[in-house]
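Here's the structure we're looking at; comments come further down.
Protein chains: 4
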Amino acid sequence: MYNFRTDLASERRDIYRKANKLENEVEGIESEQEEINENIRIERVKILDENGEKAIGKPKGSYITLDIKKLRIAQDEDIEASANALANELRKIIDAHIDKQGEVLVVGLGNSYVTPDSLGPKVINEIEVTRHVIKYLPQYVKEGTRMISAISPGVLGTTGIETVEIIKGIVDNIHPKLVIVIDALASRSIERISSTVQLSDTGIVPGAGVGNTRSEISVNTLGVPVVALGIPTVVETAVLVNDCLDLFIEKLQQEAKSNDYLNKLKEEDNYEEIKEALVPKDYNLIVTPKEIDDLIENMSQIVASGINQSL
Amino acid sequence: MYNFRTDLASERRDIYRKANKLENEVEGIESEQEEINENIRIERVKILDENGEKAIGKPKGSYITLDIKKLRIAQDEDIEASANALANELRKIIDAHIDKQGEVLVVGLGNSYVTPDSLGPKVINEIEVTRHVIKYLPQYVKEGTRMISAISPGVLGTTGIETVEIIKGIVDNIHPKLVIVIDALASRSIERISSTVQLSDTGIVPGAGVGNTRSEISVNTLGVPVVALGIPTVVETAVLVNDCLDLFIEKLQQEAKSNDYLNKLKEEDNYEEIKEALVPKDYNLIVTPKEIDDLIENMSQIVASGINQSL
Amino acid sequence: MYNFRTDLASERRDIYRKANKLENEVEGIESEQEEINENIRIERVKILDENGEKAIGKPKGSYITLDIKKLRIAQDEDIEASANALANELRKIIDAHIDKQGEVLVVGLGNSYVTPDSLGPKVINEIEVTRHVIKYLPQYVKEGTRMISAISPGVLGTTGIETVEIIKGIVDNIHPKLVIVIDALASRSIERISSTVQLSDTGIVPGAGVGNTRSEISVNTLGVPVVALGIPTVVETAVLVNDCLDLFIEKLQQEAKSNDYLNKLKEEDNYEEIKEALVPKDYNLIVTPKEIDDLIENMSQIVASGINQSL
Amino acid sequence: MYNFRTDLASERRDIYRKANKLENEVEGIESEQEEINENIRIERVKILDENGEKAIGKPKGSYITLDIKKLRIAQDEDIEASANALANELRKIIDAHIDKQGEVLVVGLGNSYVTPDSLGPKVINEIEVTRHVIKYLPQYVKEGTRMISAISPGVLGTTGIETVEIIKGIVDNIHPKLVIVIDALASRSIERISSTVQLSDTGIVPGAGVGNTRSEISVNTLGVPVVALGIPTVVETAVLVNDCLDLFIEKLQQEAKSNDYLNKLKEEDNYEEIKEALVPKDYNLIVTPKEIDDLIENMSQIVASGINQSL
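Chains as they are written, first to last, in the working numbering: chain W, 129 to 439; chain P, 129 to 439; chain S, 129 to 439; chain Y, 129 to 439.
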C-alpha cells in the first residue's frame, strides 16, 4: 500500500490513479462530484469491493467530502446552504442503514475547554434530542418521531477513559440503531483546514491524526453502524511546511532559480523528512488558524443544523 | 414523617428535636460540629440505625455540611483552607468504603453552558485523572497510585438520556470501586446558597430540588458506593420569600406592628402556600446570585482541589 | 413627588393617575400602546412639558417600553419580530435627533465576565461598525453610509474610571452626533426581568438600580443626545419579596384567612421595610434567573439586530 | 538599515554584530543576560544614543525580553517565578520614569472573543485598580497608595475607532503619569511563540506584526511615557516555513543530500520569497498553537500578577 498521508478517500483515489497512470476510475470504486454553488463542493466516493479496498486502503463504504470556501466570513445564507447540503448527504447515508424511526445516538468528541477541539461538544449542545420526551411525555410528540439522544464524552486526557469504552457503555445501555460521531481532526493538507466536512459510514479512530492512537469507534466495537463526521481544525507544522515547500520551489522554478535536486524534492512527499528535522527542536507544533473561534462557531452551526435536518 | 423541606441531615435533626422537645441527641443519630476558622464551619451527622432513619427520613450513612462564609470575595488562603477541610472529610468517607488503591470514578453533573449549572463540568476539567496513564504508561506513575477517572455526562435536557443510565453504562464497563458525584442543586434556604458543600455516602437524586425527578444515583442503581457532593447554586423564589417573610414579620413585631395572625404565620412554614400563590403568575422563578460566575469559579477550585487531595 | 420605585415612565403615569383618581391622561403627557403579536407589546409615553415632568418626576422626552414574553424559549421568528419592533422604535427616536448620515457611537456598558452584566459587551461585538471603513477605505462603502462606531468601556469596579469619563473622552475625540447606550439594569418588578427593553432619549445613570451611583450619561455630560436602551437582568430580593407578598396576601384573602392589617399591607408598598429587614442578615441578594445565559444570548441578538437595522 | 524582520532589540543586535563581524558590543548599546532558573531567561538591551539607534533601527530606550520555556505545562511555581521576574523588570522601568505614587493607566489591547487575541482583556480583568477607591473612599486605602486604572478598549475591527484615539481621549480626561500597554502580537520566530514577554519603554504600534498598520501608542501620541508589554501569540505560515526550511536543509546537509544552491538558501532569509509564493494561494494563514487557550490562561496570570506586584 502507498503511504497516502491523507484520510480522504477521494485524495487517495487520485494518488492511486496518478501512480498507476489510470485513465478511468479505479476498479471497485465509484465516484462523482457536485458543485452546490461557487463556494460549496461535494465529492462522493464509494468503495464497492475488495479491489477498491486494496487499492486505496480503506474499508468498503461511502466517503463524502463537503468543501466550504471562505467559511470564516460566511454569511447566514452560506451557512444555511452548507447545512442543507450536509443534511442531504447525511440523510442518504443514514437511510441506507436504518429506517426512518431508527433510534440515533449523536456523539460529539472533543474538549469544550480547548477552542480547536470544542466542535463536538458545541454541536451536541444544539442537537434536538427527543429520546426523553418520547419516553416520558409521549403525548407531546408526533407519532413516528425518531428517538434521538446526544452525548459529549470528553477526551482521554481529562477522563482517563477510552472514548470507545464510554460510548460502548452507553450504547449497550440504551441500544440505538446507529451512532453519529463528530470529531475535530488534524488536517493532512493546508487547504482542508477548517473548511471541510468528511462523512463516512465506516466509523473513525479518534485522534489518529495527531498521534494519539485510541481505539476504533465503528460497527466492530459498538455493534451498530457508525457514521463519522470529521472536520479538520488543526494541522501539523510539518504538513504546512511540506505543502508550502512545493509552492516555494515552484516559484523558484518560475524564476529559473531551481535546480534538479529541488525539482525532485517538489515531486516527492517530504513530510516525513521535514517532520524528522522539526521534532528534535520542538518545532513541529500543532497549529490552528487565528480565526478558529469564528470557524468553530460557523462550522458547529452547519453541522448541528445538518444533523437536525437529516434526522 | 415531617415535611422537612431540607435535604440537610443536620437541619432535619434540629427540626425533629425542636418538634419533639428533645434535650439530647435523637436516638440513632450522632453529630458534632467543628469551626475550622471564622469563615469555615463543619457539621457531621451520622445516622446509625433504623431509629435514626425513621426520625429524619434519610438512609443510614454519613452526612457532612461544610459552610464557607463570604465565598464570593474569598482570597486564595480561604479557598485553600476550604479545600483542605473538604479533603479531610472526603478522605475519611472514602477510606471508610474502599482501600487506598481502590479505583474511583468522579462524575460531574450539570451543563457547562448554563452558568449556575456548570460546577460539575468545571470540576471534572480539573480532576487529576490517572487511569489512562496507569493503563498505558505504568512506568510513569509510582506503584500503588490509585486509578482515577472522571466524566461529565451532561443533563437529560441536552442528552435525552437519564444521567444514571450513562453512569451505569460506564461503571459496568470500567468497574470503579467507588463513585463520587458532584451536583449543583437547589437550596432549601437563602443562607446556604453558593456557600455550602454537602457530603454524604448515600448517593443522590439529581435535580430533585428543582422538580426534575430523575433516577437515583446510588449503590442501589450502580452497585458501588456513591459519595455525593451537593452544592446549592440556585434557589426558588418561594424559598426566598418564605425565608424573608419571617424576617419581615420579625421586624413588624419589633415595631409592635404585628398581630396574632402574623405571629402565627411566622411560626409556620408557608413555603407551600407561597408557592401556590406564585406559580399561577409564573413568579416562582429559579434564581441565582448575580455573582454566580465568581461563586462557581471559587467553588470549583475548592471542590477540585479537595477531591484531588483526598484521592 | 411620589416614591415611584420604578424607572418606567408608563408605570409612573399609572401610579400618578391612580393616586389622583384621574380618568384621563395626565396633563403634559401623551401615551399609546401597541400589540405587535401575542408575545410582543409596546408602550410609548411622551413627556411634553413641565407639567408632565413634575407629575412623574422624569425629564421631557420619549420613553418606550418593549415587552417580550417567553424570551428564554424564543424561536428565531420571535427574536426577529422583536428585533424589527425595536428597530422601528429606535429609528423614530434617532431620526428625531439627527439626520440619516449623522455619526453614531454605540456604547455597551457592563462586564463581559459577569453573565447577567454581559449584555452590553455582547451587543457591541455584533454591531456593524463602519467608521474605520469610511475613513480608510471609502471606496468600499456606498456614498451616504452613516459612520458607526462602538465601544464597551467596562465597569467602574474593573477600570477604576467613571464610565462617563471614558465615554466623554472618546466623544470629545471622535465627535459623534448621537450616542446609544446599552445597559443591563436592576428590575423594579419581577415581571420585567429579562423580558423588557426600555428606550428613552434622555440618557441614563448607570448602575442606579443597584445602589452604585455613578454620573449621568446624557446630553448634559456628553454634549450630544443620548438614546438609552435599558434591559433589566437582575432583581433585588426585597423587590421579589414585595411583589410576592402581595400575591400571598391575595391568596390568603381568597381563602378568607387575611385580616385588616394584612389587607392594608397589601395596599402599601412594603419594599423599604422589607429591605430594612433583610439587609442586616445579608439576605438582600441581587439575583438573576437561572436561565440567564440563554436570556442574555437571545436579548443580545434582539438588541444588536435592532440597532443594526435602525442605523 | 538591514531588513531585520524582528522587533526584538536583542535579536537585531546579534544580526548587526554578525553582519559587521564585531567581537564586542555595538557602540551606543549596552546589554546583559540573566538566567532566573532553567526555564526562565532574561535579556536586557539598552539603546543609549544615536549610534545605537542607527545600528539597529529602534529608538533610545530599554528593551527587555523574558523567555519562559514550557509555558503550556507550567506549574504554579513556574508561573509565580515568571511573574516575579516580570515584576522586577517592570518595576525598574516604571521607577525610571515616574515616582512611587505616580498614577498609572493599564491598557489591554485585543478582542476578548478571539482566543489568541484575548490576552489584553483577560489581564485587565485581573488588574487591582485603586483609582476609584482613592477618589471616592479614601478612608479605605493606605496613604500614598498609587492610583491605578485599567481599560480594554477593543480592536479597530469591532469599534471602528483607532485604538490610540480611544486611549488618547481617556488619558486627556484622567491624566495618568504613565501608560502600560499589553498587546498580543505576531511572532517573528517559531521559538518565541507564546513563551516570550517583550518589555520596552518606547511604546508600540499595535497590530504592526500582522499587517494592520494603526497609529503609534507612545509618548509622541499620548504625551506620557508608554511601557509596552508585547506577547507573541500568533505566527504567519511564511515565518514557520522560513524557520523550518533552514532545519530541513540542515538535515539534508547532514545526510549529504544538500547542494550549493540549497546551502545558499539556508544562509539567506527567504521569508519574503516564501510569502510571495504563499499569498496567491491563500496559504499564508496566521496560525496559533493548538494549546492557545492554556497558553493565554497561564500568560495572563503571569502578566497580571507581574503588573500588580510592580505597581
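Even for Gly, the Cβ is constructed at its ideal location relative to N, Cα and C.
If we count the other Cβ atoms within 10 Å of its Cβ and call it buried at 16 or more, is G337/P buried or exposed?
-> Low confidence applies to G337/P: its pLDDT is 41, below 50, so where it sits in the model is not reliable, and the reading given next is rough at best. By the 10 Å Cβ count, G337/P comes out buried.
Tell me, please, whether the segment 349 to 367 of chain P touches the segment 294 to 312 of chain P by the rule of three or more beta-carbon pairs shorter than 8 Å.
-> yes
Local Cβ density within 10 Å of K296/S, reported as buried at 16 or more and exposed below that = buried
Output, in chain order, the set of chain C residues within a Cβ distance shorter than 8 Å of T365/S.
-> Looking at the structure shown, chain C is missing, and the protein chains on hand are W, P, S and Y.
With 7 Å as the C-beta to C-beta threshold (strictly closer), list the residues of the segment 233 to 245 of chain S near chain P in chain order.
-> Y241, V242, T243, P244
If we ignore side chains and look at the alpha-carbon of each, how far apart do L237/W and P249/W end up?
-> 7 Å
Cross-chain neighbours of I414/P in chain S, by beta carbon under 9 Å = P417, K418, E419
Coil, strand or helix - I226/P by DSSP = coil
So, using beta-carbon positions, are T291/S and R274/S closer together than 8 Å?
-> no
Under 8 Å between the Cβ atoms of T134/W and S317/W?
-> yes
What is the rounded straight-line gap between the Cα of T365/W and the Cα of K418/Y?
-> 11 Å
Can you round the beta-carbon distance between G189/S and I175/S to whole angstroms, since I take them to be within the 8 Å contact cut?
-> 6 Å
Got a sec: is the Cβ-Cβ distance from I289/Y to anything in chain S below 8 Å?
-> yes
Every unbroken beta strand (DSSP E) inside the segment 148 to 228 of chain W [3 residues or more] | 157 to 165, 168 to 175, 189 to 196
Quick one: what does DSSP say D371/Y is sitting in, helix, strand or coil?
-> helix
Report the neighbours of N167/Y on chain W: residues whose CB is nearer than 9 Å to its CB, in chain order.
-> Here the premise fails: no neighbours, minimum Cβ distance about 13 Å.
Excluding sequence positions up to five away, which residues of its chain have a Cβ less than 6 Å from the Cβ of E178/Y?
-> none
Since D397/W contacts V242/Y with CB under 8 Å, what's their CB separation in whole angstroms?
-> Rounded, the Cβ-Cβ distance is 34 Å, inconsistent with contact.
Please confirm whether G293/Y and I302/S have their CB atoms less than 8 Å apart.
-> One point to set straight first is that residue 293/Y is Glu, not Gly, in the sequence displayed. Yes, the pair counts as a contact, with Cβ atoms nearer than the cut-off.
Opening and closing residue of the alpha helix (DSSP H) in which L327/S lies = First-last for L327/S: 324 to 328, but that is the beta strand (DSSP E), not the alpha helix (DSSP H).
Got a sec? Which residues, its chain only, sit under 6 Å from N340/P by beta carbon, not counting five neighbours each side?
-> The predicted model places N340/P with a pLDDT of 47, which falls under 50 and marks its position as unreliable; any figure quoted below should be read in that light. Excluding residues within five positions, none has a Cβ falling inside 6 Å.
Just the Cα atoms here: how many angstroms apart are N387/Y and E404/Y?
-> 24 Å
Is E364/Y helix, strand or coil when you go by DSSP?
-> strand
Could you say if the segment 361 to 378 of chain P and the segment 367 to 376 of chain S meet the contact criterion of at least three C-beta pairs nearer than 8 Å?
-> yes
Can you name the residues of chain P whose CB is closer than 7 Å to the CB of T349/W?
-> Near T349/W there are no residues of chain P at all, since even the closest Cβ is about 12 Å away, more than 7 Å.
Measuring CB to CB, does V232/S end up less than 8 Å from I298/S?
-> no
Near A211/P, what residues of its chain come up, given a Cβ to Cβ distance below 6 Å and the 5 sequence neighbours on each side ignored?
-> I430, S433, G434
Mind pulling the chain S residues with CB within less than 8 Å of A405/P?
-> C372, L375, F376, E378, K379
Relative to the alpha-carbon of V154/Y, which residue among R169/Y, I184/Y, K270/Y has its alpha-carbon at the smallest distance?
-> I184/Y
Mind checking the segment 279 to 309 of chain W against chain Y and listing, in chain order, the residues whose C-beta falls within less than 8 Å of any C-beta there?
-> none
For the segment 248 to 292 of chain P, list the alpha helix (DSSP H) runs that are entirely contained and at least 4 residues long, ordered along the chain.
-> 259 to 264, 284 to 287
Do you know offhand how far L406/S's Cα is from A147/S's?
-> 29 Å
Which residues of chain P have a Cβ atom closer than 8 Å to the Cβ of T273/W, listed in chain order?
-> Near T273/W there are no residues of chain P at all, since even the closest Cβ is about 12 Å away, more than 8 Å.
Measure from the C-beta of G339/P to each C-beta in chain W and report whether the shortest distance is under 8 Å.
-> In this prediction, G339/P has a pLDDT of 42, which is less than 50 and means its spatial position is unreliable; what the coordinates show is noted afterwards. Output row for G339/P: interface = no.
Would you kindly work out how many angstroms separate the C-alpha atoms of E378/W and I321/Y, rounded to a whole number?
-> 29 Å
Integer Cβ distance of E256/P from N436/P, believed to fall under 8 Å = 5 Å
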